[in-house]
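Be aware that the sequence shown starts at 163, since it is given in the numbering used here, and climbs by one per residue.
Only one structure is covered here, and it is reproduced in the block below.
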Amino acid sequence: MIKAFFKPIAVAMMLTGASGVYATTTNLGNVNSATPTSFSGSVLSAGAFNDIFSFVLPSNSGSGYDIHNLPISIPGTGNFNTLLSSVSLFSNADGILFNSDDTFLQSFAVPGGSGASFTWGPGIAGNMYLSVSGIANGSLGGVYNGAISVSAVPEPETYAMLLAGLAIVGAIARRKTVARSAH
């Protein structure tokens, strides 16, 4: 009776451990415009993976994303190689992953599987996450790296100051031109 009870549990545990999909969640923290925030993923055996990188974008910024395979060959041992398949960007209002407030923003297939870059314009800020999927097809697994960069987008007040400054410079130049023609 006890043996019959534990046998399905043991089988379920073995199947869970034998599944070929690897997933890692990494919190990258706050992303800022001073330096790109880099990240990397590694799978230490061949198989599919879906890694999640969560981060916080500042307000009034555009963002750029760059993900690439990092092939490594170790003579006499084997190699690491990754075939990237898709990258998806999500907004996550409350910072809790995979609940009802996650909003899909963009996804694309990675042509050739070696890497890709994309940008997302201003208008989003706060908690976000990037989902990177692919297959580690090296004999030792796969490694990839990426970066998230942010560029500040001027606020409307900045444009107003710029236009006011240009108007003042124009008025001064006109005044000098009028004064020269009067002499």
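Backbone N, C-alpha and C fix where the C-beta goes; we use that ideal spot for every residue, glycine too.
Just so it is clear, the structure is predicted and the values come from calculations on it, not from any experiment.
Nearest residue (CA-CA) to residue i, options the options
i: isoleucine 229; options: Ala329, Ala335, Thr265 and Ser276; result: Ser276
i: valine 218; options: Gly257, Gly240 and Thr244; result: Gly257
i: tyrosine 227; options: Ala278, Phe211 and Asn192; result: Ala278
Cβ separation of residue i and residue j, assumed to be a contact under 8 Å, to the nearest whole Å
i: valine 205; j: glycine 304; result: 5 Å
i: asparagine 289; j: serine 221; result: Wrong, their Cβ atoms sit about 12 Å apart, outside the cutoff.
i: serine 250; j: serine 225; result: With a Cβ gap of about 14 Å, serine 250 and serine 225 do not count as contacting.
Close Cβ partners of residue i (< 7 Å) along its chain, the five nearest in sequence each way excluded
i: alanine 271; result: Ser247 and Ser248
Reduced DSSP category for residue i - H, G, I as helix; E, B as strand; rest coil
i: valine 218; result: strand
i: isoleucine 258; result: coil
i: leucine 206; result: coil
i: leucine 251; result: strand
i: alanine 333; result: helix
i: glycine 226; result: strand
i: serine 343; result: helix
Neighbourhood of residue i by C-beta, 8 Å cutoff - its chain only, sequence neighbours within 5 removed
i: serine 223; result: Ser195, Pro284, Ala287, Val312, Ser313, Ala314 and Val315
i: leucine 190; result: Thr199, Phe201, Phe215, Ser216, Phe217 and Ile310
i: leucine 232; result: Ser202, Phe242, Thr244, Val305, Tyr306 and Asn307
6 Å CB neighbourhood of residue i in its chain, flanking five on each side removed
i: isoleucine 214; result: Thr187, Tyr291 and Ser293
i: isoleucine 334; result: none
i: proline 198; result: Ala309 and Ser311
Where the beta strand (DSSP E) through residue i begins and ends
i: glycine 191; result: 187–192
i: valine 305; result: 304–314
i: isoleucine 297; result: 288–298
i: asparagine 241; result: 240–242
i: threonine 197; result: Segment: none, threonine 197 is in no beta strand (DSSP E) and carries neither H nor E.
Heavy atom of the ligand NAP within 6 Å of residue i beta-carbon
i: valine 305; result: Ligands in the displayed structure: none, and consequently the ligand NAP is not present.
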